[in-house]
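Asker:
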Amino acid sequence: MSESAAAKVVLATNNMKKLAELRQVVADADLDIEVLGLADFERYPEPAETERTFEGNALIKAREAAHRTGLPALADDSGLEVDELNNCPGVRSSRWAGPECDDEANNDLLLRQMTDVPEDRRTARFVCAMAFVVPDGNQGVKFSEAKRETWEGRLAFERHGENGFGYDPLFIPDDAPEVDGRRLASGELYPEVKNELSHRGKAVRAVLPTVVGLLGKKMPQEQNQPDLEPGAPDDTGEQGNAAVS
Numbered sequence: 159m160s161e162s163a164a165a166k167v168v169l170a171t172n173n174m175k176k177l178a179e180l181r182q183v184v185a186d187a188d189l190d191i192e193v194l195g196l197a198d199f200e201r202y203p204e205p206a207e208t209e210r211t212f213e214g215n216a217l218i219k220a221r222e223a224a225h226r227t228g229l230p231a232l233a234d235d236s237g238l239e240v241d242e243l244n245n246c247p248g249v250r251s252s253r254w255a256g257p258e259c260d261d262e263a264n265n266d267l268l269l270r271q272m273t274d275v276p277e278d279r280r281t282a283r284f285v286c287a288m289a290f291v292v293p294d295g296n297q298g299v300k301f302s303e304a305k306r307e308t309w310e311g312r313l314a315f316e317r318h319g320e321n322g323f324g325y326d327p328l329f330i331p332d333d334a335p336e337v338d339g340r341r342l343a344s345g346e347l348y349p350e351v352k353n354e355l356s357h358r359g360k361a362v363r364a365v366l367p368t369v370v371g372l373l374g375k376k377m378p379q380e381q382n383q384p385d386l387e388p389g390a391p392d393d394t395g396e397q398g399n400a401a402v403s
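All the letters of the sequence shown, read from the start, carry residue numbers 159 to 403 under the working numbering.
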């Protein structure tokens, strides 16, 4: 593949906010990769998420997208784990209030379930597994892997902010900035701040070197480095190896 031609990868989602987040992370990394969404292709039935782990469900979605589109595919499976609820909603986060529920219903149910839980027992985390699958061109898979990252925090007693989606208005990250003595919720963070801190941003950055390498590209820090012959000494003398809204 030519270094001057943008490589294409599909993110297996119809969630435009997830797509925008991934495109921003790729843009921030200055990568010559075009990220497409499922809306750019003929619609197909979404596969059932039958696994009990985020990694397993992410791989199901990435494999199906690679098979249907013929392109290398990324897919994430993300959710919220609440310690007081034995790590639920977990892999059922998007359907916590029922199969036809929306974000508002999920948040309402979670708030009711945590009504009498004191602040010191409201610890939680966002989890993201990001899978990358490369098709072999013959209905099979050439390569697949999944990376898992977390974002630690706690649950608020009420919604804060209108940014993001899902449980963002209820989740207060441990590493979020403070304003007027109050730590901000994920739903109050600017997208660029959230991408830097979040479980999904970390998972994307974890898998990007693999994506870049298998697409025949280079990470920006590699683009201006001279190629070394295998075993040739490098300049160190070592042997060379092949925020608020």
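A virtual CB, placed ideally from N, CA and C, is assigned to each residue, including glycine.
Taking DSSP as the reference, what is the three-state secondary structure of threonine 211?
Answerer: Position 53 of the sequence shown, counting from 1, holds the residue named residue 211. In this structure, threonine 211 counts as coil in the three-state DSSP scheme.
Asker: Could I get the ranges of all uninterrupted beta strand (DSSP E) runs contained in the segment 325–353, with 3 residues as the minimum, in chain order?
Answerer: The segment 325–353 contains these whole beta strand (DSSP E) runs: 329–331.
Asker: Less than 8 Å between the beta carbons of leucine 177 and leucine 232, yes or no?
Answerer: Position 19 of the sequence shown holds residue 177. Position 74 of the sequence shown holds residue 232. Going by C-beta atoms, leucine 177 is not nearer than 8 Å to leucine 232.
Asker: Taking just the CA atoms, how far does valine 362 sit from arginine 250?
Answerer: For the purposes of this step, residue 250 is identified with residue 92 of the sequence shown, where counting begins at 1. For the purposes of this step, residue 362 is identified with residue 204 of the sequence shown, where counting begins at 1. Cα to Cα, arginine 250 sits roughly 21 Å from valine 362.
Asker: Taking the straight line between their C-alpha atoms, what separation do you get for histidine 225 and glutamate 307?
Answerer: Residue mapping note: residue 225 aligns to position 67 of the sequence shown, counting from 1. Residue mapping note: residue 307 aligns to position 149 of the sequence shown, counting from 1. Rounded to whole angstroms, histidine 225 to glutamate 307 spans 26 Å at the Cα level.
Asker: In terms of residues, what are the limits of the beta strand (DSSP E) holding methionine 288?
Answerer: Sequence index remark: in the sequence shown, residue 288 carries index 130 (1-based). That run of the beta strand (DSSP E) goes 281–293.
Asker: Whose C-alpha, out of His318, Lys166, Thr227, Leu269, is nearest the C-alpha of glycine 298?
Answerer: The residue you call residue 298 lines up with position 140 of the sequence shown. Answer by Cα proximity: Thr227.
Asker: In the structure shown, what three-state DSSP assignment does proline 367 receive?
Answerer: On the sequence shown, position 209 is the one that residue 367 refers to. It is helical.
Asker: Would you tell me roughly how many angstroms separate the C-alpha atoms of glycine 214 and glycine 319, rounded to the nearest one?
Answerer: Reading the sequence shown from its first residue, position 56 is the one you call residue 214. Reading the sequence shown from its first residue, position 161 is the one you call residue 319. Roughly 32 Å separates the two Cα atoms.
Asker: On the premise that phenylalanine 284 lies in contact with leucine 217, defined as a C-beta separation below 8 Å, what is that separation, rounded to the nearest angstrom?
Answerer: Along the sequence shown, one-based indexing puts residue 217 at 59. Along the sequence shown, one-based indexing puts residue 284 at 126. About 19 Å; that fails the 8 Å criterion.
Asker: Pick from Arg358, Pro230, Ile330, Gly371: whose alpha carbon is nearest that of lysine 175?
Answerer: Translated into positions along the sequence shown, residue 175 becomes position 17. With distances taken between Cα atoms, lysine 175 lies closest to Arg358.
Asker: One question on the structure: do arginine 221 and serine 302 come within less than 8 Å of each other, judged by their Cβ atoms?
Answerer: Sequence index remark: in the sequence shown, residue 221 carries index 63 (1-based). Sequence index remark: in the sequence shown, residue 302 carries index 144 (1-based). Contact: yes.
Asker: Measure the C-alpha to C-alpha separation of tyrosine 325 and arginine 181 and round it to an integer number of angstroms.
Answerer: Position 167 of the sequence shown, counting from 1, holds the residue named residue 325. Position 23 of the sequence shown, counting from 1, holds the residue named residue 181. About 21 Å.
Asker: Would you mind giving the Cβ-Cβ distance between lysine 219 and leucine 194, rounded to the nearest angstrom? I have them listed as a contact below 8 Å.
Answerer: Within the sequence shown, residue 219 is the residue found at index 61, counting from 1. Within the sequence shown, residue 194 is the residue found at index 36, counting from 1. 15 Å between Cβ atoms; not a contact.
Asker: In the structure shown, what three-state DSSP assignment does aspartate 274 receive?
Answerer: Position 116 of the sequence shown, counted from the first residue, corresponds to residue 274. It is coil, neither helix nor strand.
Asker: My assumption, with CB atoms under 8 Å, is that threonine 171 sits in contact with leucine 189. Please give the rounded CB distance.
Answerer: As a working mapping, residue 171 is identified with position 13 in the sequence shown. As a working mapping, residue 189 is identified with position 31 in the sequence shown. 19 Å between Cβ atoms; not a contact.
Asker: Let me confirm a value: glutamate 346 is counted as buried when at least 16 other C-beta atoms fall within 10 Å, else exposed. Which label applies?
Answerer: By one-based count along the sequence shown, residue 346 stands at place 188. So glutamate 346 ends up on the buried side.
Asker: Would you please state the rounded distance, in angstroms, between the beta carbons of glutamate 192 and alanine 164? I believe it to be under 8 Å.
Answerer: Numbered from its first residue, the sequence shown carries residue 192 at position 34. Numbered from its first residue, the sequence shown carries residue 164 at position 6. Correct: roughly 5 Å between the Cβ atoms.
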